[in-house]
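Sequence order for the protein chains is A and B.
So that you can map any letter, position 533 of the first sequence is 533 in the numbering used here, and since no number is skipped, the others follow by simple counting.
So that you can map any letter, position 405 of the second sequence is 1405 in the numbering used here, and since no number is skipped, the others follow by simple counting.
Structure, as structure tokens:
Number of protein chains: 2
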Amino acid sequence: MNPSTPPADDPGLKLSPCPPVEHANDGRVPLKLRRVAIDTYRENVAYLHRDCDVYRAEGFQALSKVEVRANGRRVLATLNVTLDPRIVKCDEIGLSMEAFAQLGVEPGHPATIEQAEPPASIAALHRKINGERLGREDFRAIARDIAEHRYSKVELAAFVVATHASELDREEVYFLTEGMIEAGQRLDWRERLVVDKHCIGGIPGNRTSMLVVPIVAAHGLVCPKTSSRAITSPAGTADTMEVLAEVELPIERLQEIVRAHRACLAWGGTAQLSPADDVLIAVERPLSLDSPAQMVASILSKKVAAGSNHLVLDIPVGPTAKVRSMPDAQRLRRLFEYVARRLGLSIDVVITDGRQPIGQGIGPVLEARDVMRVLQNHPLAPIDLRQKALRLAGRLLECDPDIRGGDGYGIARDILDSGRALDKMLAIIEAQGARPFDPEHPPLARHTFDVHAPADGVVTGIDNVQIARIARLAGAPKVAGAGVDLMRKLGDAVRAGDVLYRVYAEYPADVEFARAATERASGYTIGAPHQVPQVFVEF
Amino acid sequence: MNPSTPPADDPGLKLSPCPPVEHANDGRVPLKLRRVAIDTYRENVAYLHRDCDVYRAEGFQALSKVEVRANGRRVLATLNVTLDPRIVKCDEIGLSMEAFAQLGVEPGHPATIEQAEPPASIAALHRKINGERLGREDFRAIARDIAEHRYSKVELAAFVVATHASELDREEVYFLTEGMIEAGQRLDWRERLVVDKHCIGGIPGNRTSMLVVPIVAAHGLVCPKTSSRAITSPAGTADTMEVLAEVELPIERLQEIVRAHRACLAWGGTAQLSPADDVLIAVERPLSLDSPAQMVASILSKKVAAGSNHLVLDIPVGPTAKVRSMPDAQRLRRLFEYVARRLGLSIDVVITDGRQPIGQGIGPVLEARDVMRVLQNHPLAPIDLRQKALRLAGRLLECDPDIRGGDGYGIARDILDSGRALDKMLAIIEAQGARPFDPEHPPLARHTFDVHAPADGVVTGIDNVQIARIARLAGAPKVAGAGVDLMRKLGDAVRAGDVLYRVYAEYPADVEFARAATERASGYTIGAPHQVPQVFVEF
Chain A
1 MNPSTPPADD PGLKLSPCPP VEHANDGRVP LKLRRVAIDT YRENVAYLHR
51 DCDVYRAEGF QALSKVEVRA NGRRVLATLN VTLDPRIVKC DEIGLSMEAF
101 AQLGVEPGHP ATIEQAEPPA SIAALHRKIN GERLGREDFR AIARDIAEHR
151 YSKVELAAFV VATHASELDR EEVYFLTEGM IEAGQRLDWR ERLVVDKHCI
201 GGIPGNRTSM LVVPIVAAHG LVCPKTSSRA ITSPAGTADT MEVLAEVELP
251 IERLQEIVRA HRACLAWGGT AQLSPADDVL IAVERPLSLD SPAQMVASIL
301 SKKVAAGSNH LVLDIPVGPT AKVRSMPDAQ RLRRLFEYVA RRLGLSIDVV
351 ITDGRQPIGQ GIGPVLEARD VMRVLQNHPL APIDLRQKAL RLAGRLLECD
401 PDIRGGDGYG IARDILDSGR ALDKMLAIIE AQGARPFDPE HPPLARHTFD
451 VHAPADGVVT GIDNVQIARI ARLAGAPKVA GAGVDLMRKL GDAVRAGDVL
501 YRVYAEYPAD VEFARAATER ASGYTIGAPH QVPQVFVEF
Chain B
1001 MNPSTPPADD PGLKLSPCPP VEHANDGRVP LKLRRVAIDT YRENVAYLHR
1051 DCDVYRAEGF QALSKVEVRA NGRRVLATLN VTLDPRIVKC DEIGLSMEAF
1101 AQLGVEPGHP ATIEQAEPPA SIAALHRKIN GERLGREDFR AIARDIAEHR
1151 YSKVELAAFV VATHASELDR EEVYFLTEGM IEAGQRLDWR ERLVVDKHCI
1201 GGIPGNRTSM LVVPIVAAHG LVCPKTSSRA ITSPAGTADT MEVLAEVELP
1251 IERLQEIVRA HRACLAWGGT AQLSPADDVL IAVERPLSLD SPAQMVASIL
1301 SKKVAAGSNH LVLDIPVGPT AKVRSMPDAQ RLRRLFEYVA RRLGLSIDVV
1351 ITDGRQPIGQ GIGPVLEARD VMRVLQNHPL APIDLRQKAL RLAGRLLECD
1401 PDIRGGDGYG IARDILDSGR ALDKMLAIIE AQGARPFDPE HPPLARHTFD
1451 VHAPADGVVT GIDNVQIARI ARLAGAPKVA GAGVDLMRKL GDAVRAGDVL
1501 YRVYAEYPAD VEFARAATER ASGYTIGAPH QVPQVFVEF
């Protein structure tokens, strides 16, 4: 292919040469900045025209990382070269949408571009690739360079794999976590006790935060909960909360809300907490790499940066959960405890039943319905979601020095049963900006289909991974009303033809994708009662 | 940033909604293919409009890999989403230039897009990341998926780092090499003896192939040399040969030329030889990872795929070469020998002096001048280039069963001195399509500046890496006439102010970049005679 051939789809298009510029552009004269309306996700891309003097003069190489400066700020980006002046003209630098936003200027603003120096911490990365142990300063430098987007995707992948393959020792995990905290903002709530709860993930429907937070806040604990959106799951807490209230709030608003109500349930993305984590996750997820070291650094850096000093951590264990055996769960618990102690964070690790999804609905609207039903003590409230939330809330309440060990669960139950948790939740929703939502008539997606039991028997397995996949194919979380509503749980007796679950989807194509997935594997196994896997977790 | 905000730089631009399509597009109805004039290098990118029904209906995720099908072919690409109908309209699929070319259709051709299945060999990659040893089938599957562009850049980086960190054993290197050969085309020259020479790289100016090939071909050996272009160096053999003749030739032309002249000197990129290697190199280079395993697999897979059965391999050793110690060179030699033997390739490894650049000129035109001077027995021909070429040609000649060990050098010298090598070279140039070139008046770049000795003394060091960097900043190889012309070599006496080397550049900006680099580090050290590093290599 000769790249100077004009695109044949648009024969009238003038591709070259560029109009002559008045001065010889020697690479220092600024170009005009342009926002190119392409969403490249977390990969910053800069676009130059092939006939741009700066491009011709600079020794830009394939896959090269460039630095674009404007307005006293800079972004690092991968360079793409175009022949199409409708994308960028010869006197322009284009930036993909997210990269453009980082500069905080108007289009047309002068900007310069030059080849980016390789990040200084690459030498430490190479030592890690070669199996060496790194020190505190190494991890500090790596976390800073990652947070500043100085690593290419290839370098990020190299870091993730190198720290996975030559496993970090626990002190290195601490250094990495600390480096990630230092590379971002850190919130200070000016409170003695700031509590939080977190789950390592992997269990669909597991929306306990939206119950634990109002319960402990109703008791008076400060719990400024910031959550993520779903990355590979059908809903994150932020997605589900967004069904009920605004979640993208400036940090000053959050502080007011927490002062007034002791708690919030917001999206954490606005606060630049552990930004290196966000960058790393974008690489770890497609590789399905979730090593214990990276999980601990990711979670604890976010929690400490968010200003928490007491954390209850939920580690679900089950055959299709992230952690699949009790010894693995115990090893992970010890690593969390070691790093938390070094960071001065009090942690209480709770190993929970991860054999199946929690609650009934999977997807933002369905989960919001379940949460509200639990808070309302509704007869259709899912019992397992209620029970799990009470146990976790009870553990969190016990960090109050006035509560005796073992009393937390009962106190949490009183708060929930009395309606105080519901009142607190409604106050938080009101404060964040309520959205109309009637749990009796949740705004579900238009199309549904049911998946039926193929035979008589007992539900002996529900595959967390497959159910999550089906809910995503049905449109969740992008379509809030899409998802899966489970009608049967582990141990339930079924007759052939009984509805196991109902799928909600908004678009016909989504219906087809989800249906095809259920036909390949429904996610359910039906068998004999003795085949139900044992609960190997005791609270 | 709200991604639905129209780009402010073009207020008249209609971004949405898309014109309604006549049928509900359920993801199976084809879109129209469009060539997007963006060069994304080796990363295929597909562009969809955000309001395209297919995009809305599919559960496309961040960083997702999609498969675009048209004309019975398919390409895998990373998905970018745009708001700008000038890039793609709602009923179009855009592809970046290289990806578009792979489908071999006209713009507007119907095409479908769907989420790509993760490549099957990812499971093996994960086992490698976890430090396991892989078998023949694993490497075969990995090489095939890589060659078919099924790996994302992140997955490629993971493979490169995992095979670097948990070092492959020598049988794994053999399996990888074999898998890479099988994943591409394989040439068959229908000759009993097909010879080749190769250097592992890292030494600027080292254009011995352009001398060795005509010498051994003049003797009658079949030597169909295919070379690469520079990736991180100031010139590859293909770049330098291109100064003298066409190098991008269809494989049928090459076969005719080799039948007529016993040899060619062409670019290897047209023949799809070990395509997995090309993909891997694009990731290894920016990481500066060049592990012995990857070097052996890369070089030997290309040579066997090119149909060679006898190879002379040049491993230069020196303080700024790729291999920096004799024990490292010996280890690398043994690995090459083991894998070559398993592949049925006869190999002769020659460890050479890599203390400094070879020859005088660095950059395509300057190197072509040096090569032609050696062939012409010109008084200004660089002696070191001549000597090294004769030694390597001699070793290659000795694979002729009629030549006694030790006689090769003398025969090579006779062929060169008699002008037979020049005649052969001129015949090859003519056959490939000669380009006008007068070695007495080489078409050098317009601007020059000299770098001078800072003091009296002797040249005690020339840094291969820094000299290569300066030549690249001056514009080589993109500007063929740019580069560095060395006036002094190791051991030469200099007076303060003597010219050490001259830099050639076409553009003022390149002059400035190169000059700034020479001011940071000239690449030369001047000292006392006893400080010249010893030649620790004996032929």
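Just so you know, even glycine gets a beta-carbon here, dropped at the ideal spot from N, CA and C.
Asked                                                                                                              : Found
Residues near B/A1062 by beta carbon distance below 6 Å, same chain, minus five either side                        : Here the model assigns B/A1062 a pLDDT of 46, short of 50, so the residue's position is not dependable and the matter cannot be decided.
Residues near A/E67 by beta carbon distance below 6 Å, same chain, minus five either side                          : R74, L76, E114 and A116
Environment of A/Q294 [buried if 16+ CB atoms lie within 10 Å]                                                     : buried
Within chain B, partners of A/T40 - CB distance below 7 Å                                                          : N1080
Any beta strand (DSSP E) of 3 or more consecutive residues that is wholly inside the region 147 to 226 of chain A  : 195 to 199
Own chain residues within Cβ distance below 8 Å of B/G1135, not counting five before or after                      : F1175
CB contact flag (A/A162, B/V1161, <8 Å)                                                                            : yes
Helix, strand or coil at B/A1431 [DSSP, three-state]                                                               : helix
Same chain only: Cβ atoms within 6 Å of B/T1226, ignoring 5 sequence neighbours per side                           : A1266, G1268 and A1306
Neighbouring residues, chain B, relative to A/Y174 (Cβ below 8 Å)                                                  : None at all; the shortest Cβ gap to chain B is about 22 Å.
Rounded straight-line distance, which links the Cα of A/Q255 to that of A/W189                                     : 7 Å
Interface flag, B/Y1501 vs chain A, CB-CB below 8 Å                                                                : no
Coil, strand or helix - A/E92 by DSSP                                                                              : strand
Spatial neighbours of B/V1465 in its chain, beta-carbon cut-off 6 Å, leaving aside the 5 residues before and after : T1320
With 16 other Cβ atoms within 10 Å as the buried cut-off, status of A/N25                                          : Low per-residue confidence applies at A/N25: pLDDT is 41, beneath 50, and the placement is therefore not dependable, though the value from the model is reported in the following sentence. When all chains shown are included, A/N25 counts as buried.
Euclidean distance between Cα positions of B/I1344 and B/R1331                                                     : Looking at the sequence provided, one finds Gly at residue 1344 of chain B rather than Ile. If I take the Cα positions, the gap works out to 20 Å.
Local conformation of B/A1008 per DSSP, three classes                                                              : Unreliable positioning characterises B/A1008 in this predicted model, as indicated by a pLDDT of 41, which lies under 50. The coordinate reading is nonetheless provided below. In this structure, B/A1008 counts as coil in the three-state DSSP scheme.
Where the alpha helix (DSSP H) through A/G394 begins and ends                                                      : I383 to L397
Ordered list of beta strand (DSSP E) runs contained in the region 91 to 151 of chain A, each at least 3 residues   : 92 to 95 and 110 to 115
Chain-ordered neighbours of A/V86 on chain B, where CB pairs are closer than 7 Å                                   : Checking the sequence shown, residue 86 of chain A turns out to be Arg, not Val. Result: R1086.
Straight-line Cα distance separating A/T525 from B/A1120                                                           : 25 Å
B/A1297 versus B/R1086, B/G1405 and B/E1182, residue with shortest Cα-Cα distance                                  : B/E1182
Nearest residue (CA-CA) to B/N1044, options B/R1050, B/V1036 and B/R1495                                           : B/V1036
Exposure label - A/N206; buried when at least 16 CB within 10 Å                                                    : buried
Three-way DSSP call (helix, strand, coil) for B/L1300 in this model                                                : helix
First and last residue of the uninterrupted alpha helix (DSSP H) at B/T1240                                        : T1237 to L1244
Bridge-paired residues (DSSP) for B/G1361                                                                          : B/D1485
Proximity to A/V371 [Cα-Cα], best of A/K302, A/G104 and A/L422                                                     : A/L422
Within chain B, partners of A/Y47 - CB distance below 9 Å                                                          : I1038
Neighbour flag for B/I1129 against chain A, beta carbons, 8 Å                                                      : yes
CB contact flag (A/M487, A/V503, <8 Å)                                                                             : no
Euclidean distance between Cα positions of A/T240 and B/P1250                                                      : 58 Å
Where B/V1105 meets chain A, residues with beta-carbon distance less than 7 Å                                      : Here the premise fails: no neighbours, minimum Cβ distance about 11 Å.
Length of the line joining the Cα atoms of B/V1105 and A/E171                                                      : 56 Å
Amino acids of chain A, ordered along the chain, whose beta-carbon sits closer than 7 Å to that of B/V1283         : V154
Proximal residues to B/P1439 (C-beta, below 8 Å), its chain only, five neighbours per side dropped                 : A1368, R1369, M1372, R1373, Q1376 and H1378
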